[in-house]
Each structure stands twice: as structure tokens, then as C-alpha cells.
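Protein chains in written order, with my numbering: chain L, 16 to 234; chain B, 9 to 232.
C-beta atoms are modelled at their ideal positions from N, C-alpha and C, and glycine is treated no differently.
It should be emphasised that the depicted structure is a prediction, and the values quoted were computed from it without experimental measurement.
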């Protein structure tokens, strides 16, 4: 292990890690918003929209992110839709993640027995109160494990961004291997940086999950 | 209207070549799944063992594999292991190794989850009925675990197929690589072919994965 080399190229990795995290977080946040909207459309069974959401979810869940990115980055410009690589990355991650998040939220909402809504109604709550105080708190604690798994999954998926020439961690590692043939050092830094990004998320996730299990009703 | 790739797609053997590329991806994921399901079941069962040392070692291995992006694992095996141990690996072999490592880790986690989701009173009741340990597992625990496990492992197959798209990055000629070659070869005659070709790849992956997901969803509902 050549520590000089590692120290020399550390800043390069730091820059790449910032890019990875920035695009990852932006993608995840938009994915959550898309997921919430889609889950709401499916929950309230809004006509027409519900079918569109259904098709979107099947399309996005059954294709790889890399193929989606290739289509967005290399395919869409041919019909006049041209975007920068980092926006493509965010869009791709949001397209993929939206459906995963929607499924996580939907399964939480669907797990709540109708009797909960009926009881809330008979207590004289209006629709908003019922959602706010009865349905959502329970649905949330059911959705959280899948939600956290999705966040980790999406952050991991950012590793394909190098394919659309974003200078992320993968790109940096591949570049250094190609240029200096310092394979061990480059890969060591790559692993360390991914651990720095992903380990805290995973740990916070499992703590949250354990705490929320107590909040479950009837489980 | 300029050609958006449909013409190129229908020209010569292009469509067949694309499907052949998908075949490579499917073959790699099929081999990996067939190996990782039994290995994963074994490891998952070991995780339920009470021995703290095996448990700790397995846990570190499984968590590492599961937390690293598959692309990093591919790089570690394809570039890292060949450099460190001096052996030679083709891209295809490297990707099968990675998919087996990853699939085993995922599968064992599914097994662990399925086993721990069986309530304790199932074990206690069968003991109270006088069943032996083997009988308890054979008649009570395994049938219930399988019902939860089969839809999840079918889902693992689709995840595996989707992940094979990454092997392009270590130089295996699969669907995306073939698509790039076709686009490159027709650059002059139809410069806009990328749209149609990548759309075709997108749909091919969808057609490969969708029926499998539907099957998993159907089984999940039926065996609830």
C-alpha cells in the first residue's frame, strides 16, 4: 500500500464523494416527493391518473437504472431534449426511486385496516384529522423499514453515474487505475469512501427501525 | 422525419444481436441465482445458529457485501483481485463471481428474515405435541418459511437481471454494449438511432423482468 499516493489523491476522492452525495441526496428527495404523489393517487384511486401511475411503477421497477440513464442521456437528445449530465443523474435516480418509494408508502397505507378509518369517522373526525392522527402515524411506522432500504438502495445505485461521464467515486477510481495502475490504493479509497457515505445511513436506519417497531399497533 | 432508430433496429441482424446480448445477461444471472440460492439458504440457516463467532464473521461478510454498490464489488474482483493475486479473470467470470457473492448475501438475509418471522409459539406448540426437532422443522417451520421465501427469491432473480446491466462497465459484451456497437456502426446513415435503440434495450429489459415480477406478486398474494 502506497500511502503517499493515497494522500495525494485523497482530495480528488473527496470532490467525487461530494458529487456522489449531492446527486444522490437530490435524487432521493425528488424520489420521495414523486413516491408520495404516486402513493396518494393510488390510495385515493383517482381515475386515469391511477392507471398512468401503475404503468410508470411497472416500467421503472422492471428496468435497470443504467439503461434508464442511457436512454435519458444519449437517447432523449436525439428528439431535442438535451440536459446536463448531473441533471440526467438526478432525473434518472428520481425516475427509478419514485416507484420504489411509492410502493413503500402504498404498502404502509394498505396495511391499515378499514376499521381504523371507520372508527375515526364515527368519532367525528374529518378526513384531514383522520389522516393526520389515525392513518398516517400507523402507516409511517410500517413503511419505515422499506423506506430506509430504498434510501440505501438509491445511494448505492449512484455508482452507475460514471457511465454518463459524471466524475463520481467510480469514475475517479477507474481513472486512477487507468492512469497510474495503482489498483490496490485506488480501490481501497473507493471502498473507504463508500463506507463513509453508506455506513451512517445504514446504522441510523437500523436504530430508527428498532425504535419504530415499538410504535407498531397490534404487532 | 429523420430515422429515430426503428430502421436501424430492423436492418440486418440487429434485433437478433440485441436479444443475443440480453441472452448473455440472462445466462449470467441464471447461473448466479442457481448457485446463490442454496448457498444463501445454508448461510441464512447458519445465521440462526447460536454460535456467536460464526455469527459475527458471517455478519461482517454479509453486511459488507450488502452495503457496497455492486459496481464496487465488480471492480474489486475484476481489477483488485486480479492485481492482488495475479490470476486472470474474464469479465464474464468476474461478474458471475460477484453475482454469486452478492446473491448469496441477499438470499441469506431473506432466509434469516423468513425464519425469524415464524412466531416462537410455532416451535413451542410442536414441541408440546411431542414432535422431534427434525419433525418440527420438516412439517412446521420449513413449509411456512418457504411460502414467504419463494416470492422473495423470485424477486431476487429480477434484481439480478437488472444488475447485470452493470457488467458493461467491466467490458462484457451484453445488451448495452451491443446497442452501442449498433449505434456506432450506423452513425453516418442514421445519427439519431440512439433514441430508438436505447428505447428498445429499455423495453427488452422490461419484457425480461416484468413477467417474473408478476409471478412473484401473484405468489405473494396467494400464499399470504
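Next on the checklist: So, with DSSP's three-state summary, where would you put residue 211 of chain L?
Outcome noted: Three-state DSSP puts residue 211 of chain L in a helix.
Next on the checklist: On the CB-based measure, 16 or more other CB atoms within 10 Å of its CB, does residue 169 of chain B come out buried or exposed?
Outcome noted: buried
Checklist entry - Looking at the structure shown, is residue 234 of chain L part of a helix, part of a strand, or coil, going by DSSP? => result Only weak support is given to the placement of residue 234 of chain L: the predicted model assigns it a pLDDT of 43, under 50, and the question is left unresolved by the model.
Next on the checklist: I'd like to know if residue 23 of chain B contacts chain L, where contact means its C-beta is closer than 9 Å to some C-beta of that chain.
Outcome noted: Cβ-Cβ to chain L under 9 Å: no for residue 23 of chain B.
Checklist entry - Beta carbon of residue 109 of chain L, beta carbon of residue 127 of chain L: below 9 Å? => result no
Checklist entry - Would you report the Cα separation of residue 139 of chain L and residue 132 of chain L, rounded to the nearest angstrom? => result 11 Å
Item to check | the segment 123–141 of chain B touching the segment 57–70 of chain B, judged by at least three CB pairs closer than 8 Å | outcome: No, the segment 123–141 of chain B does not touch the segment 57–70 of chain B.
Checklist entry - Helix, strand or coil for residue 201 of chain L per DSSP? => result helix
Checklist entry - Counting only beta-carbon atoms, is residue 59 of chain L nearer than 9 Å to chain B? => result no
Checklist entry - With distances taken between CB atoms, is the gap from residue 173 of chain B to residue 204 of chain L smaller than 9 Å? => result no
Checklist entry - According to DSSP, is residue 97 of chain L helix, strand or coil? => result coil
Next on the checklist: Using 8 Å as the cut-off, can you tell me whether the segment 70–80 of chain B makes contact with the segment 21–35 of chain B, which would need three or more C-beta pairs spanning the two stretches below that distance?
Outcome noted: no
Item to check | Minimum length 4: unbroken alpha helix (DSSP H) runs contained in the segment 57–103 of chain L | outcome: 64–76, 80–85
Checklist entry - Using a Cβ-Cβ cut-off of 8 Å (strictly less than) and excluding sequence neighbours within five positions of residue 181 of chain L, which residues of its own chain qualify? => result 34, 38, 100, 101, 104
Next on the checklist: Taking beta-carbon pairs under 7 Å, can you tell me which members of the segment 74–98 of chain B lie near chain C?
Outcome noted: Reference to chain C is not applicable here, since the protein chains of this structure are L and B.
Checklist entry - Closer than 9 Å, CB to CB, is residue 199 of chain L near chain B or not? => result yes
Checklist entry - Between the C-alpha atoms of residue 57 of chain L and residue 109 of chain B, what's the straight-line distance to the nearest angstrom? => result The straight-line gap from Cα to Cα measures roughly 37 Å.
Checklist entry - Is it the case that the Cβ atoms of residue 112 of chain L and residue 50 of chain L are separated by a distance below 9 Å? => result yes
Checklist entry - Looking at the structure shown, is residue 169 of chain L part of a helix, part of a strand, or coil, going by DSSP? => result helix
Checklist entry - Does the pairing of the segment 193–200 of chain L with the segment 213–226 of chain L give three or more beta-carbon distances under 8 Å? => result no
Checklist entry - To the nearest angstrom, how far is it from the Cα of residue 117 of chain B to the Cα of residue 207 of chain L? => result Spanning the two alpha carbons is a distance of roughly 24 Å.
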